[in-house]
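Single-structure report; data block below.
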Amino acid sequence: MVVVTPTPPPPEPLPDVIKIGVYEPMTGAFAAGGEMTYEGVELAHEYKSEVLGKPVEIVLVDNKSDKTEAATAMSRLIEAEKVVGVIGSYGSSLSMAGGEVAEVAGVPVVGCSPTNPLVTKGKRFYTRVCFIDPFQGAVIAKYAYDDLGARRVAIIQDVAQDFSIGVTAFFREKWLELSGDPKTLVALTSYQTGDTDFTAQLTYAIGQNPDAIVTTGYYGEAALMAKQARELGYDGPILGSDALDAPELVEIGGDAVEGVTFSTHYHPAGAITPISRTFLDVYAQQYGREGNAFAALGWDAYMLLLDAIERAGSIDGDAIADALYATQNFEGVSGWITLDENGDAVKSAVIKTIKNGQPEFLAIVEPF
Numbered sequence: 002m003v004v005v006t007p008t009p010p011p012p013e014p015l016p017d018v019i020k021i022g023v024y025e026p027m028t029g030a031f032a033a034g035g036e037m038t039y040e041g042v043e044l045a046h047e048y049k050s051e052v053l054g055k056p057v058e059i060v061l062v063d064n065k066s067d068k069t070e071a072a073t074a075m076s077r078l079i080e081a082e083k084v085v086g087v088i089g090s091y092g093s094s095l096s097m098a099g100g101e102v103a104e105v106a107g108v109p110v111v112g113c114s115p116t117n118p119l120v121t122k123g124k125r126f127y128t129r130v131c132f133i134d135p136f137q138g139a140v141i142a143k144y145a146y147d148d149l150g151a152r153r154v155a156i157i158q159d160v161a162q163d164f165s166i167g168v169t170a171f172f173r174e175k176w177l178e179l180s181g182d183p184k185t186l187v188a189l190t191s192y193q194t195g196d197t198d199f200t201a202q203l204t205y206a207i208g209q210n211p212d213a214i215v216t217t218g219y220y221g222e223a224a225l226m227a228k229q230a231r232e233l234g235y236d237g238p239i240l241g242s243d244a245l246d247a248p249e250l251v252e253i254g255g256d257a258v259e260g261v262t263f264s265t266h267y268h269p270a271g272a273i274t275p276i277s278r279t280f281l282d283v284y285a286q287q288y289g290r291e292g293n294a295f296a297a298l299g300w301d302a303y304m305l306l307l308d309a310i311e312r313a314g315s316i317d318g319d320a321i322a323d324a325l326y327a328t329q330n331f332e333g334v335s336g337w338i339t340l341d342e343n344g345d346a347v348k349s350a351v352i353k354t355i356k357n358g359q360p361e362f363l364a365i366v367e368p369f
């Protein structure tokens with residue numbers, strides 16, 4: 002008997018235009034982060050605007066810094082716009098909301114800067130080009146303990162943001178490993194996104210005589226917190242995460258944020274790949290200023306998604322996801338990117354401090 006193997010069906014023809022969705026907070030509390038990220042995506046699109054021989058169209062939907070809107074934005078991109086992949090979002094809570102929709106639809110998403118581990122946990126279709134908070138929290142703790150010599154720290158967190166709660170947890174874990182004494186964490190107080198008066202939290206924290214105050218929330222509240230801390234007489238170190246890496250930190254905080262130090266993803270002085278120089282040149286030509294970390298991540302997410310589509314040779318969601326997970330030593334602006342089994346980037350962090358009103362490069366921290 003002759004067994005005849007059926008001929009597989011031919012691949013679906015490619016559309017005339019390949020659509021890539023972007024869902025970022027262009028308005029609302031996190032608008033600065035969304036705007037910086039989208040600048041990088043747009044710049045990358047100008048640099049490379051074709052994939053698989055077809056033109057690429059970017060479709061932007063504002064998630065308005067709101068979880069419900071983030072899910073709605075993702076649904077619109079998938080159902081109405083028929084995108085083959087999505088980039089975003091600034092804000093881990095927003096990414097988690099949109100990620101649930103993308104997972105059901107089987108549409109691959111590349112996150113630019115959502116660092117909470119839950120963004121990709123249990124997800125096949127969500128990957129990212131940024132480091133994650135277990136590493137970031139440890140970087141901040143090691144800097145406080147080893148570089149500053151701090152032995153007593155106070156933490157002020159935003160309980161409305163999964164990101165902030167996560168950074169707090171991972172900072173605490175590493176801090177207690179380093180100090181060996183729970184009593185060295187002298188205060189843990191909370192606020193919610195949109196609060197403007199931190200007098201009560203700061204009065205309590207400062208009263209515990211900390212060597213450093215760590216704020217794990219976003220730039221807007223952190224800037225106000227720094228102003229109020231200085232008004233209350235605190236002149237010690239204030240530390241934070243990548244959520245402080247925005248021009249608005251200085252615009253809102255003024256002189257009070259001088260010396261504020263934070264972990265982040267990229268600084269031009271720490272550019273470590275050839276494409277970093279290209280990015281800095283084209284960014285300066287386009288925007289007349291120096292490229293920032295979130296624009297770098299926006300560029301990287303776009304370029305990695307296109308690279309995965311090329312490697313997949315297809316716009317099929319499963320094929321693109323497989324290619325994303327196979328990423329090894331991809332040359333990004335923010336560093337060489339390898340994705341692990343969870344779709345998370347294994348890469349270095351950067352430490353910056355505000356000096357003379359500008360973010361200044363301090364160090365690169367490799368994964369440890």
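Count along the sequence shown from 1, then add 1; that gives the number in this note's numbering.
All C-beta atoms, glycine included, are put in the ideal place defined by N, C-alpha and C.
Nothing here was measured: the structure is a model prediction, and the numbers come from that model.
Residues that DSSP places opposite residue i in a beta bridge
i	result
V87	G22 and V110
R129	G112
G299	In DSSP, G299 forms no bridge with anything.
G241	F263
G336	G333
T185	According to DSSP, which records beta bridges pairwise, T185 is partnered with nothing at all.
T354	T262 and E361
Y192	D159
E311	Bridge partners of E311: none, in fact.
D63	E25
I214	A155 and I239
Cβ distance (whole Å) where residue i is taken to contact residue j below 8 Å
i	j	result
A72	E101	7 Å
D159	T190	Not confirmed; about 11 Å, so no contact.
F31	A350	Their Cβ separation, rounded to whole angstroms, is 21 Å, which puts F31 and A350 out of contact at 8 Å.
V57	L78	14 Å between Cβ atoms; not a contact.
K65	T28	5 Å
P269	G292	6 Å
L307	K49	6 Å
F171	P368	About 14 Å; that fails the 8 Å criterion.
Cβ neighbours of residue i in the same chain (closer than 7 Å, five flanking residues each side left out)
i	result
L225	T197, F199 and I253
L340	T128, L325, Y326, T328 and A346
F126	A103, E104, G107, V108, P109, V110, G318 and A322
F280	G292, A297, W300 and V334
N330	W337 and T339
Y284	L44, G292 and A296
Close Cβ partners of residue i (< 6 Å) along its chain, the five nearest in sequence each way excluded
i	result
D301	V130, G333, V334 and S335
R173	none
A296	M37, E40 and G41
H46	I59
M304	A45
R312	A324
E249	A33 and Y220
Cβ pair residue i, residue j closer than 7 Å
i	j	result
V87	G22	yes
S96	F164	no
V187	G138	no
D236	A294	no
H266	L240	no
Y24	G112	no
A223	T216	yes
Y91	P26	yes
K55	L15	yes
Below-7 Å beta-carbon distance, residue i vs any chain D residue
i	result
K68	Among the chains of the structure shown, chain D does not appear; only one protein chain is present.
C-alpha gap between residue i and residue j, whole angstroms
i	j	result
K228	A257	5 Å
I338	Y220	26 Å
T121	G344	7 Å
K353	V18	40 Å
G34	I156	23 Å
K124	D63	23 Å
G218	E82	33 Å
F362	M75	35 Å
T262	P238	8 Å
V154	G99	35 Å
E178	Q287	45 Å
G358	V251	6 Å
A145	E13	55 Å
I166	T204	21 Å
K356	S264	15 Å
I214	D134	18 Å
G271	I365	7 Å
D282	G289	10 Å
P211	T116	27 Å
Q202	R231	14 Å
K348	S242	16 Å
A244	A161	14 Å
I273	Q209	41 Å
G260	D147	17 Å
S114	R152	30 Å
V140	D67	29 Å
Same chain, Cβ closer than 8 Å to residue i, five either side skipped, listed in chain order
i	result
I374	The shown model of the chain, from 2 to 369, leaves out residue 374, and the question about it has no answer.
G314	L53 and A320
W176	A142, A145, Y146, V154, T185 and L186
heavy atom of the ligand SAM below 6 Å from residue i C-beta
i	result
T200	The model on display carries no ligand, and the ligand SAM is accordingly not part of it.
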